[in-house]
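Order-wise, the sequence lines are chains A and B. Heads up, the first sequence is in the numbering used here, so the first residue is 95 and it goes up one at a time. Heads up, the second sequence is in the numbering used here, so the first residue is 17 and it goes up one at a time. Don't be surprised by glycine CBs; every beta carbon is placed ideally from N, CA and C. Everything below concerns the one structure shown next.
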Amino acid sequence: MFEGRLLQGSLLKKVLEAIKDLVTDTNFDCSETGIALQAMDSSHVALVSLLLKDTGFDHFRCDRNLALGINLQNMSKMLKCAGNDDIITLKAEDEGDTITFMFESPNQDKISDFEMKLMDIDSEHLGIPDTDYQAIVTMPSAEFQRIVRDLSSIGDTAVIGVTKEGISFSTGGDIGKANIVCRQNTNVDKEEDQTTVEIHEPVSLTFALRYLNSFTKATALSPQVTLSLSKELPIVVEYKIEKMGFLRFYLAPKIEE
Amino acid sequence: MSSQKSLGDFFQLR
Numbered sequence: 095m096f097e098g099r100l101l102q103g104s105l106l107k108k109v110l111e112a113i114k115d116l117v118t119d120t121n122f123d124c125s126e127t128g129i130a131l132q133a134m135d136s137s138h139v140a141l142v143s144l145l146l147k148d149t150g151f152d153h154f155r156c157d158r159n160l161a162l163g164i165n166l167q168n169m170s171k172m173l174k175c176a177g178n179d180d181i182i183t184l185k186a187e188d189e190g191d192t193i194t195f196m197f198e199s200p201n202q203d204k205i206s207d208f209e210m211k212l213m214d215i216d217s218e219h220l221g222i223p224d225t226d227y228q229a230i231v232t233m234p235s236a237e238f239q240r241i242v243r244d245l246s247s248i249g250d251t252a253v254i255g256v257t258k259e260g261i262s263f264s265t266g267g268d269i270g271k272a273n274i275v276c277r278q279n280t281n282v283d284k285e286e287d288q289t290t291v292e293i294h295e296p297v298s299l300t301f302a303l304r305y306l307n308s309f310t311k312a313t314a315l316s317p318q319v320t321l322s323l324s325k326e327l328p329i330v331v332e333y334k335i336e337k338m339g340f341l342r343f344y345l346a347p348k349i350e351e
Numbered sequence: 017m018s019s020q021k022s023l024g025d026f027f028q029l030r
């Protein structure tokens, strides 16, 4: 059987809110090392990769590898019934066709069990090679969210450029153009307010803002976001999940024909 | 004109 008890249940609620509009159905791959998920959006332009390590759970047991096929909208409906401070336990039998979500209130005076039907999903996994990216930028996640949202009101695509000075976001549309530069900034009081640029080569790529906007639904998971770029490769937008792992989004670029 | 690539243009199905 599989069982995982997560003291900070709100993390799971946040993960679901971040991915449920991008991906419809996906397998949660459970093994003794944790829970992993990889899924593409229906157009195969964006991909979600989630890792929740066993060590981040208060209790974790997985007797044999399980692929739990889950409709994310339905799981989100169930998790919305958990309080933000609740402890959430996931449970599934090896041969079962359901998953149980147990919610415990912080002072243990309310225990809820929600059972959800699982589905059979043929998952398509992409092999993503380890890559030395040409540019890696870490910046406040709320700042990234704001920039992407602001640019979305002006254009459909953004050119993201990284030089050793910083990262720039540019767009254009019927009403005009916009260009935002965030410079490397390591002299701030709080580490989470820093913008750091690690660069081997300047890079500039074009992406659809609609997807970048969708990724920023993960902002609540982490105060910082890391953008990894290489020429003619999908961008990686990563939100680290404290003590547990990460939520990563990959987005294929637009390329001049 | 730039065209939207799909992830399959970069990564292999496994």
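Alpha carbon of residue i to alpha carbon of residue j, nearest angstrom
i                         : j                            : result
threonine 313 of chain A  : tyrosine 333 of chain A      : 8 angstroms
glutamate 350 of chain A  : valine 297 of chain A        : 15 angstroms
valine 282 of chain A     : serine 262 of chain A        : 20 angstroms
aspartate 188 of chain A  : leucine 166 of chain A       : 21 angstroms
glutamine 28 of chain B   : lysine 185 of chain A        : 33 angstroms
glycine 221 of chain A    : lysine 348 of chain A        : 21 angstroms
threonine 183 of chain A  : aspartate 268 of chain A     : 50 angstroms
glutamate 209 of chain A  : aspartate 191 of chain A     : 10 angstroms
aspartate 250 of chain A  : proline 234 of chain A       : 23 angstroms
aspartate 207 of chain A  : valine 330 of chain A        : 36 angstroms
isoleucine 193 of chain A : leucine 162 of chain A       : 8 angstroms
valine 291 of chain A     : phenylalanine 309 of chain A : 21 angstroms
valine 109 of chain A     : threonine 257 of chain A     : 31 angstroms
lysine 204 of chain A     : aspartate 226 of chain A     : 48 angstroms
glutamine 102 of chain A  : aspartate 287 of chain A     : 24 angstroms
histidine 294 of chain A  : lysine 325 of chain A        : 11 angstroms
aspartate 152 of chain A  : leucine 321 of chain A       : 30 angstroms
glycine 24 of chain B     : lysine 271 of chain A        : 31 angstroms
Residue i at chain B interface by Cβ criterion, 7 angstroms
i                         : result
histidine 138 of chain A  : yes
alanine 176 of chain A    : no
glutamate 420 of chain A  : Because chain A spans 95 through 351 in this model, residue 420 of chain A falls outside it and cannot be assessed.
isoleucine 349 of chain A : yes
glycine 103 of chain A    : no
glycine 249 of chain A    : no
glycine 266 of chain A    : no
leucine 245 of chain A    : no
isoleucine 222 of chain A : yes
proline 296 of chain A    : no
threonine 300 of chain A  : yes
leucine 141 of chain A    : yes
proline 328 of chain A    : yes
One or two residues paired with residue i in a DSSP bridge
i                         : result
glutamine 20 of chain B   : A:Lys348
valine 231 of chain A     : A:Val291 and A:Leu321
threonine 194 of chain A  : A:Lys185 and A:Glu209
lysine 271 of chain A     : A:Gly266
valine 142 of chain A     : A:Ala133 and A:Phe343
serine 298 of chain A     : A:Gly255
isoleucine 261 of chain A : A:Val256 and A:Cys276
cysteine 124 of chain A   : A:Ile129 and A:Leu160
aspartate 216 of chain A  : Answer is none; aspartate 216 of chain A lacks a bridge partner.
Pair within 7 angstroms by beta-carbon distance, residue i and residue j
i                         : j                            : result
valine 253 of chain A     : serine 264 of chain A        : yes
glycine 260 of chain A    : arginine 277 of chain A      : yes
valine 231 of chain A     : leucine 306 of chain A       : no
leucine 303 of chain A    : leucine 323 of chain A       : no
serine 212 of chain A     : phenylalanine 340 of chain A : Reading off the sequence shown, one finds leucine at residue 212 of chain A, where the question assumed serine. No.
methionine 180 of chain A : phenylalanine 197 of chain A : Reading off the sequence, residue 180 of chain A comes out as aspartate, not methionine. In contact: aspartate 180 of chain A and phenylalanine 197 of chain A (Cβ atoms closer than 7 angstroms).
alanine 133 of chain A    : valine 142 of chain A        : yes
glycine 128 of chain A    : aspartate 148 of chain A     : yes
serine 137 of chain A     : asparagine 159 of chain A    : no
leucine 345 of chain A    : proline 328 of chain A       : yes
aspartate 119 of chain A  : isoleucine 248 of chain A    : no
glycine 177 of chain A    : methionine 338 of chain A    : no
threonine 289 of chain A  : asparagine 273 of chain A    : no
valine 139 of chain A     : serine 22 of chain B         : yes
Beta-carbon neighbours of residue i, restricted to chain D and to distances below 7 angstroms
i                       : result
tyrosine 344 of chain A : Included in the structure are the protein chains A and B, with no chain D among them.
Cβ-Cβ separation, residue j to residue i (assumed contact under 8 angstroms), whole Å
i                        : j                           : result
glutamate 237 of chain A : serine 170 of chain A       : Actually they are not in contact, since the Cβ atoms of glutamate 237 of chain A and serine 170 of chain A sit about 27 angstroms apart, beyond 8 angstroms.
cysteine 175 of chain A  : phenylalanine 96 of chain A : Contact flag wrong, Cβ pair sits at about 21 angstroms.
serine 199 of chain A    : asparagine 121 of chain A   : Contact flag wrong, Cβ pair sits at about 30 angstroms.
The ligand NAD heavy atom lying under 6 angstroms from the CB of residue i
i                        : result
threonine 290 of chain A : Ligands are entirely absent from the displayed structure, and the ligand NAD is therefore not among its contents.
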